[in-house]
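Residue numbers (this note's numbering), protein chains in the order written: chain A, 1166 to 1491; chain B, 1166 to 1491; chain C, 1166 to 1491; chain D, 1166 to 1491; chain E, 1166 to 1491; chain F, 1166 to 1491.
Number of protein chains: 6
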Amino acid sequence: MQPIKPQKPRIWLKDLKAGQGIDDFFVVRRFSLMPYRDPSKGHYLTAVLEDRTGKMEARAWDRGEQFAQVLKEETVFRIRGQATEYQGVVQLHIHAVEPVHPQDVDWEAFLPVTPMDRSALEQELDQAVSRIENPYIRTLLTTLFADGQIRRAYVTAPAAMSHHQAYIGGLLEHSLGVLKTALHLADNVPEANRDLLTAGAILHDIGKIAELQYDTVIGYTTEGNLLGHIVIGINLLDRWMEEVEGFPKALRIKIEHLIASHHGEYEWQSPKRPQMVEAVILHYADRFDADMFKIRQALAEAKDGWTPYLKSLERRFYIGEGGDER
Amino acid sequence: MQPIKPQKPRIWLKDLKAGQGIDDFFVVRRFSLMPYRDPSKGHYLTAVLEDRTGKMEARAWDRGEQFAQVLKEETVFRIRGQATEYQGVVQLHIHAVEPVHPQDVDWEAFLPVTPMDRSALEQELDQAVSRIENPYIRTLLTTLFADGQIRRAYVTAPAAMSHHQAYIGGLLEHSLGVLKTALHLADNVPEANRDLLTAGAILHDIGKIAELQYDTVIGYTTEGNLLGHIVIGINLLDRWMEEVEGFPKALRIKIEHLIASHHGEYEWQSPKRPQMVEAVILHYADRFDADMFKIRQALAEAKDGWTPYLKSLERRFYIGEGGDER
Amino acid sequence: MQPIKPQKPRIWLKDLKAGQGIDDFFVVRRFSLMPYRDPSKGHYLTAVLEDRTGKMEARAWDRGEQFAQVLKEETVFRIRGQATEYQGVVQLHIHAVEPVHPQDVDWEAFLPVTPMDRSALEQELDQAVSRIENPYIRTLLTTLFADGQIRRAYVTAPAAMSHHQAYIGGLLEHSLGVLKTALHLADNVPEANRDLLTAGAILHDIGKIAELQYDTVIGYTTEGNLLGHIVIGINLLDRWMEEVEGFPKALRIKIEHLIASHHGEYEWQSPKRPQMVEAVILHYADRFDADMFKIRQALAEAKDGWTPYLKSLERRFYIGEGGDER
Amino acid sequence: MQPIKPQKPRIWLKDLKAGQGIDDFFVVRRFSLMPYRDPSKGHYLTAVLEDRTGKMEARAWDRGEQFAQVLKEETVFRIRGQATEYQGVVQLHIHAVEPVHPQDVDWEAFLPVTPMDRSALEQELDQAVSRIENPYIRTLLTTLFADGQIRRAYVTAPAAMSHHQAYIGGLLEHSLGVLKTALHLADNVPEANRDLLTAGAILHDIGKIAELQYDTVIGYTTEGNLLGHIVIGINLLDRWMEEVEGFPKALRIKIEHLIASHHGEYEWQSPKRPQMVEAVILHYADRFDADMFKIRQALAEAKDGWTPYLKSLERRFYIGEGGDER
Amino acid sequence: MQPIKPQKPRIWLKDLKAGQGIDDFFVVRRFSLMPYRDPSKGHYLTAVLEDRTGKMEARAWDRGEQFAQVLKEETVFRIRGQATEYQGVVQLHIHAVEPVHPQDVDWEAFLPVTPMDRSALEQELDQAVSRIENPYIRTLLTTLFADGQIRRAYVTAPAAMSHHQAYIGGLLEHSLGVLKTALHLADNVPEANRDLLTAGAILHDIGKIAELQYDTVIGYTTEGNLLGHIVIGINLLDRWMEEVEGFPKALRIKIEHLIASHHGEYEWQSPKRPQMVEAVILHYADRFDADMFKIRQALAEAKDGWTPYLKSLERRFYIGEGGDER
Amino acid sequence: MQPIKPQKPRIWLKDLKAGQGIDDFFVVRRFSLMPYRDPSKGHYLTAVLEDRTGKMEARAWDRGEQFAQVLKEETVFRIRGQATEYQGVVQLHIHAVEPVHPQDVDWEAFLPVTPMDRSALEQELDQAVSRIENPYIRTLLTTLFADGQIRRAYVTAPAAMSHHQAYIGGLLEHSLGVLKTALHLADNVPEANRDLLTAGAILHDIGKIAELQYDTVIGYTTEGNLLGHIVIGINLLDRWMEEVEGFPKALRIKIEHLIASHHGEYEWQSPKRPQMVEAVILHYADRFDADMFKIRQALAEAKDGWTPYLKSLERRFYIGEGGDER
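So this is what it looks like as C-alpha cells:
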C-alpha cells in the first residue's frame, strides 16, 4: 500500500486563508467534545491544531464524535478540511482525520528550525570529515554518518532543550561552530592533534540525538533523563569504534575522554575533567560557542545599549550606543 | 614446552632463613651493577626483591652482568638462589633469573589481600546471583561471571587505590558489603526492586577492573585516568547486555543509571544523581560501606578512646573507654 | 464546675449535612461583621470554621455582634449551631459560641494525622524501650515517657514543618522509621552499641516537641526559631539525665553527641559532625528515612513513569512503566 | 595532714643556677632508666622537667629506680633537688619525688599566661556584672561567679586551643574585649539591650571551661570534642538559670540564643544565626576581637612593613614603613 | 533670560486640594492621547504626574495634542494647572507644560529623602574633616569637598540602589555612620591610624556618586554597571590625590587600598581583601552599619515580636514582646 | 663622570673557567666575614654571587673587611676578580667591589628570559597597534608605548610571579598570545569590535609593570600587594586616556571595563564580570593562553605519556605514547 503523502508544498497555518482547503500533518494539542444546544444532536468536536508557524481552532460537526475516537493530544495526525472565517477569525472545518506513522512525519514542521542553510551545514560536515587524515578516525566518522538513521538524527536534533540552539538543526550548527572555534584555538597550539579535535568537536554532543526528543516539543527522553548525553554518546561511539577494524584501543580511550570531559568540571556533569590538550581546547570551544550564542541572541533584543537580563549568565550585556566610541 | 611453575608452597621473604634455597617469583624493585674493587673482575649485581611480606637485598656475583641484561625494574621475575647471612642480615645469593609471562604470575603474592575468606566471598556472590528472579538480570550476571577473565578480575581487583579496601579482593568484599546494606535498607522500602538492587550493588564498581592496575602496585590505568570506573563500567555492561537476547531497553537504561549515579553528586564524578528508588538506596549503601570501612580501620588504631585523625573524613572518631557507659 | 465536653462522636465538616445540629470545637479562621441592608438592624456575623476535613461558611444573625466580642481568629471555640443550605451550599447557622481551655481541645481534629495506626506505633515505641539492656539508658527513656506531658507531646508532634511527615504523629512515625533503619545498618557493624543507637533514634528529634507548634497550624515556636530542636533537645535531655541516679557522665556526653551531630554537617545546623560509629549510623538512617518519605510521597503522584519535580531534592524520580523490565 | 606547699616564691627553670636547691612542682615530660656501665649498679634515672619558662635535664643516681616507680609522664610532681653544672649546662640532681593532688597545683606555672594584669581583669569583670540593671541577669551572673569552681575556671581558661589568646587567662581577656567592643557598637544602636549584651559577651564562650583542658598542655576534652563549647555553655547556663527564682523563660531563650548564634554562620558551628539585634552585635564583636588579636600578634613580627603570612586569615598584613604617610 | 523658578514653597501632590492652582516641577511618568468621542475634536491628553509624595492623574483638553509634542516619559517638566475633583478624586487640569534644564531641578522632590537633618549631617562631615591631623589627607578632603559639584553629589546621592539608605542623602548618612562605628572600634586598637580611618570611612563609597543615578528613580549608570563604585572611586581619588602637592605615594596606595578592600571578600567584588588594620576596621564598620540599617528598618515593621522576613539577610529578627525579660 | 660600563660581552657564571678575569654585575645573595685561624689577621670575606645562569662562591682575602662595608645582600654590585679552582670547584677571587646605580643594570642578567625573540615580539606589538583604526584607541596606545619608561617596563616585565610566563619578557609574550587568540575567536563574532579587542588584549595586564618587581627576584611590590594589577592598570590608563584629546567617555569606560573584568569572576579578583562581547572574548583568550602555557610546559616534562601533577590545574595531562593512535 502506498504510504500517505500529504500535498506539497505545505500551507502553513500562519498563511492559511478562509476558503482554502488543506490536507496535511498537524499536531493536535488539545481537543474536546461539546454538546449541541439541541441534546438530540449529540456533540461536536473542537480542537487546537498547530504547526511551527502557529495555532488554529478547528471544528468538526457531524463526525466529531467519531473523530474523537481516533484523536490523541500532543500527537500528529493527517487532517483534511477547509478554512472558514468566524467572527473575523480563520478557523478550520475538519473533514477527515487519519493516524500517521511517525516515520512519515516531517517533524520539522512542528518545531523552530535553525536560521542557517541546513544543506550547507551538512556539506560543511562532510568536508570536515573528509579532511581527517587519521584513517581510523575518518573511517569512524564516515561510517557513522553513512548510517541513515544517525545522520538524519544528527542533522535534525536541537543542541539543547532551551539553553542554546534549541531548534531543529541546532546540534549540527553548534557542532560546526565548536569545530571552527576549536581549530582556530589550535592554530597556536602545535601539540594539538587536529584529527582528534575534529572528531571531538563533531561528536562531543552526539548523545543528544537520544537525550532529547524533538517531535512536537523539545524535551528529555527517559534515557536522556537517566543517563545524560555524555554517557549515551560514549556508549554509542564505543559500539561504533568496535566495528571499525583495528581501531586502536588508545585512540578509542582518547575519543571517549573528549566526550567524557567536554563539560570541563564535575559539577557540570562531566565525569572527568579535560586531561589532554585537545580536551582542553574542546571544552573552551564548547563553552565559547554556547555563551556567544546566548549573548548574540540577547544583543538582538538590546534597548538603550543594554540587553535584557540573561538568566543563564546572570547578567545583562552592554552593546553601547551608536558611535559612542568615536 | 612446559610452563615454568615455581615450587609450592611458597617461602615468603619474611620467613626466609639463611641456608634455604628458593625458586619463586619476585618483584625486582631496583637493581644496579657495582664495580668490584679489582676492576679486572668487572661488576657484580645488587638488587632489591619484594613479595607482599617484605623486601630483601640480593646479590649475584659471577653472572651479575649477564642477569642485568635480562632484568627490568618493577617487574616480576622467576629467581632461583640461596639465602645467606651477611653481618647479621639475611641476603639472597642469586643463581638464576628468568623472565615470566604475566599470565603465570600469581599477582597476589605482591600486594596485600583482603583479610576475609575469598572463596567464601565468591560463593556468596554466586548465591546472590542465583537469588535473582528477573531472567534478564540473572542471565546478565551469570554470563558475565562465567567469563573467566572477568570473574578473575572481579574477585582480584582492589576496591580503590587507597581510600577503602585497597587490597586484592577488595572489590568483591566491598560489593558484597554494599549488597548486604542495600538489601537491609530496602527492607523498609516495598517500592524497591530487589533484583535491580542486587545487580546495582554487584556491578556498581565493576569498571574498577579496568580503572585500576594491581600487579606490583595499586595505581590507575590510562583508561582509568581518562575515563574513570563509571564510564568504563557502563561501556562494559552496555556490550554485555546487548549480548543477552531480548534484554529490555528500559532495563538496560535503569541498570546503567544505577552505575552512572552511584556516587550521588556531580562533584563526586557522577554524571547523574540518583533518580530511582534503587539508585538512592545504592548510593546510601555505597557511602555507608566505604565510610564504615575507613572508620573501622581507624578504630583498630584508637588510643585513649580516640582514633587517629582520618583525613578523608576530616575528623577523629571516639570509641570511648572501657565500661564508660555502665 | 464540669469542663465542657462536646458531643461524641464528632461530625466532621466534610460530612455535615443540612438539617444536622452540631456542638463541637472548630478553629475560627476568619470572621467579620457585615451590615444589614436595613442599617437599623445593625450587623450580622460571617465566619469561616475549619476542622481537619475542611472549611465551612457560618453565619450568626441576631447575636452576631455579641459573638464578635468573644471570637478571635486562628483560635479554637466551641460552636453550637445548625447546618442549613443556601444556594446549594451547606452553611452553618451559629447559635452559641464558647471560649475553651487549650487543655480541653483535641488538637488532632484540626491538623492532618499520620496514616499509620498510632496506638500500634506507641506500642512499638514501648517495646523498643523495653529491649534496651543498659540500665541507665532504659531508665532514662522509661522515666521520660512516663511523664504524661512529654509522652503526649512526643506521640502528637509532627516530624517537621513541611519537609516530611508534617502531620500529627509524624515525630513518632519518623523516629521509629529511623530506629528500624539504624538497627538494620548496625547489623553489619559489630562495633555499634545497639542501646545507644536505640536511644539516639528515639530521641534525636525530641526537641521538636518544643520547636514546633501544632495546634491550628504547624509552625515554629519562638523557642524553636531562636534555639532549634537540636539545642532544645539536648537541654531537655541534659536535665532528665541528671535526674537518673548515677547516670554516667561519659554516657551523657555520648547521647548528647548523638543529638548534636545527627544532621551530619555544620551547614545543616549540626554544631558537631558525627564522631562515633553510632552517630554515623544515626545520621545515615535519619537522612535515609526523610529522603525516602519524600520520594515515596512523590511516587504516589507519578505520571508516565515520572514523579513531579521534588524541590527539596532538586529532581524528579523515575518509577518506570508497567512491566518495562520484563 | 598538712597539704604539701612547695616553697614560695618559685624559682623558674630559666633562672635556676648551679648550686641552687629547689623544691617545687614540675611537669615530668619524659623519663627513662639508663644502665650504669657497671651492670651491678643497676640503673640511674634521666628525666626532662618543665615549667612555663623552659625545660631542664634531670638525673637521679642512687634512688633512680625507686623514683621511676612513682613517676608518670606528662604529669606534675613535687621535685626536690639541686642544680649542678655538667659540661657547661645546668642540670638538676633529683633528691626526692612526690606525687601531688591536682587541686594543689598552680597550673599556671606550666602554660603561657596572658600579658595583662589578671586581677585587674577580674575586677573589670565584677564591675561589668555590677552594672547590669535587669535583676534576673545580674543574679545569674553574680551567682555564677560566686561559685568558686566556675570562677576559677573562667579566669584561668584559655580563649582557644591555638587561634587567639591561647594562654591562661585568655578566656577572661577575650570576653572583656568582646564586651568593650560590643558596648561600643551598641552606642549607635538604641534598640540594643545593654544588659543582654553584657551577659552575652561575658558568657558567650563559657563552655570553653569544659571544652578545653589546660593543665600541662592546651587541648580539647572529650566533652569538648563531642559537644563543643556552644552546646556545653548552653547546658551549663540552662541549669544555672533554672536556679534563679522566677527567671523568665523568654529571657532564658534569648540568652541561650546569644550563645547558640555567636559564631554567626552554620558552617562555623553555630546551630542558629543571629536573629536578635544583640546577637548580631555580639557576633561582630567576637569576630572583631579575635581577628584583631591575631593581626596585632602578627604586626609585632612585621619586617619591611609586612607581617608574616597569617594562615587563619590567609594573607599578610601591611603596617607601612616609618613615616611613609607624611 | 531669567531661569524659570517655580513658586515656593512647593505644594506636594499628597496635599493638593481641588481648586488650588499649581506651578511646579513634576516627573511625567506616563502620558497618552485619547480620542474624543466626537472624532472631529481630535484627542485629549492623559498623564500621570509624580513627586516624592505620590502620583496624580492629569488631563489636558484643548492643547493636549500640542503638549504631547513636548512631553517625554520619566522626565521632569514644569507644569502649570489647576486641581479639580472628578468622581471624588482630585485630578489636575494642565494649562501649560515647559521643558526644564536638569540643573534647575531640585531632584529631591522626586525621590525619598533621609529622615535625618541633612544640614546637621553636612556639618558633621566638615567637622570630621577638620579633625584630621595629617596635612595631606586633610588637604585632600578639604579640596574635594570644596568642589561644588562633588560636594553636591556626595550629600545628595543614595547609599545604594535598594539595599540600605536608598534615598537622597543616604550616602552621607551611611558614610558618617561608618565613620562613627569605625572610630569606636579603633578605640581598642592603638595601632590604627585615625586619620586614615576617617578618610576611609568618608571616601569608601564615593564612587557611588557616579555609579548610581538618582534623578527620577534610583538606578545604575552605565559607568556604574561596567566599572562599579570601587573602581570609579579609586579613579576619582587617584586624580584628586595627584593634585595635592607632595601627596606621598605610600599614602595614596593606602587610601586606594581602603577603597579597594572595603567589601572584604572577592566574591563581594572587592579586588583585594583588607590587608591593613584600618582596612579591617573599615570593612567591619561598613558591614555593621549596613546590616544594622536593614535590621532596624525591619524592626519597625515587627509583629508579634518578629520582623518580616529580610531577604538580604535570609532570616527574620526577634524583638521580643513587651517586658518579656522582666 | 663616565658611568661604569662592565666589559661586553658578558661571561656567564656557568661558563666561567679557572684563570679567567671578570668585571661585571652580579647579585650578591649572601656574604659574611670569617675569622682567619690566626686572629691577628682579622677576617676574610665569603660571598655567593649569582647571575641568571647560576651561582658561585667567592672570596676576598686582604680587603674582605673593607668590601663588607660596601656590600648589601640581594643587591647588584659590579665585581672585579679572577676565577680560581679550589678542590676541583671554580671559585671567584674578588679584587674590587663597586656599588651601581639601578639604571645602569641590565636586570635581565639575573632572571630567566622568555625563549622567544624579544625584538620580534616588540615589532609584533607595534604592528598590532598600527592596525588599529579607531583614532582615539590608536593614539592612546601609540602615546603610551612612546613613553620610554612604560615601553621598557612593558617589554621587560614577567606575566606573573610564578603561574605562567614568569620570566623577563613574559608580559609582552602573554599579551601578544592573548591578542592572537582573541582575534581568532572574534573571527566568528561579527559583533566584536577588533580595535577594542586589540586594546584590551595588549593592555589587560599592563598593571603588572607596577604590581610585580623583577630585578633580582620576581615578587610583588607593595602597590601590587595592596591594589593588584587590575586597579593599578585602570588607574594608569585612566590618566593616559585623559591626556588624549577628545577621548570619548564611553570609550574610556569600555576599555576600563575590559581591564576590570578580564579575570571573569569575582572570586578571581575581578570587580566586574564581562558584560561586553569583547570582554567575554578577552576573558576566554586570557584563560586559554595562561592554561595552555602551563600545560605545554608540563608536556615538556611528560614521562610514560603523562605530565607531572600540575598543582594550579589540579591534574596531570596525557600526551599519549608514540604512535598510539595509529
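Where a beta carbon is used, it is the ideal one built from N, C-alpha and C, also for glycine.
Per DSSP, reduced to three states, the secondary structure at Trp1177/B is coil, with no helix or strand assignment. Around the C-beta of Trp1433/B, fewer than 16 other C-beta atoms lie within 10 Å, and the residue is accordingly described as exposed. Within its own chain, the residues whose Cβ lies closer than 8 Å to the Cβ of Phe1310/D, once the five positions on either side in sequence are excluded, are Leu1290, Asp1291, Val1294, Arg1316 and Tyr1319, listed in chain order.
Listed in chain order, the positions of the segment 1374-1396 of chain D with a beta carbon within less than 8 Å of a beta carbon of chain B are Thr1387, Asn1390 and Leu1391. For Pro1267/A against Val1235/A, the beta-carbon gap comes to about 16 Å, at or over 8 Å, which does not count as contact.
Under the 8 Å criterion on CB atoms, His1328/A is classed as non-interfacial with respect to chain B.
Closer than 8 Å to the CB of Tyr1474/D there is not a single CB belonging to chain F. Between Pro1323/D and Leu1377/D the beta-carbon gap is near 6 Å, inside 8 Å, which marks them as a contact. No Cβ-Cβ contact shorter than 8 Å links Ala1357/E with Ser1340/E. Take the alpha-carbon of Ala1347/A and the one of Gly1219/E: they are about 57 Å apart. Listed in chain order, the positions of the segment 1426-1443 of chain A with a beta carbon within less than 9 Å of a beta carbon of chain F are Arg1438, Pro1439, Gln1440, Met1441 and Val1442. Inclusion of Leu1198/A and Glu1238/A in the CB contact set at 8 Å is not warranted, their separation being larger than that value. Interface flag for Glu1356/C against chain B is set, since a Cβ pair is found closer than 8 Å. Taken in chain order, the complete alpha helix (DSSP H) segments of 4 residues or longer contained in the segment 1239-1317 of chain C are 1283-1295 and 1300-1311. Listed along chain C, the residues sitting closer than 8 Å to Arg1481/B by beta-carbon distance are Gln1440. The residues His1422 and Ser1426, in chain order, have a CB closer than 8 Å to that of Gln1440/E in the same chain once the five nearest residues on each side in sequence are set aside. At a cut-off of 8 Å between C-beta atoms, His1422/A counts as an interface residue with respect to chain B. Among the residues facing chain F, Thr1346/A is included, as its CB has a counterpart in that chain under 8 Å away.
Cβ proximity to chain A below 9 Å picks out nothing from the segment 1254-1272 of chain B. With a contact defined as Cβ atoms closer than 8 Å, Ala1223/B and Gly1253/B miss out at about 17 Å.
The beta carbons of Glu1407/F and Asp1360/F sit about 19 Å from each other, so the pair does not count as a contact at 8 Å. Put simply, the segment 1453-1462 of chain D does not touch the segment 1448-1459 of chain C. Fewer than three CB pairs are less than 8 Å apart. At a cut-off of 8 Å between beta-carbon atoms, Asp1352/F makes contact with chain A. Ile1315/E is outside the set of residues whose beta carbon lies under 8 Å from a beta carbon in chain F.
Spanning the alpha carbons of Ser1327/D and Glu1479/D requires a straight line of approximately 16 Å. Separation of the CB atoms of Tyr1379/B and Leu1276/B is rounded to 6 Å, and the pair is thereby assigned contact status at 8 Å.
Among the residues facing chain B, Asn1400/A is included, as its CB has a counterpart in that chain under 8 Å away. In the DSSP assignment, Thr1211/E falls within the unbroken beta strand (DSSP E) covering His1208 to Asp1216.
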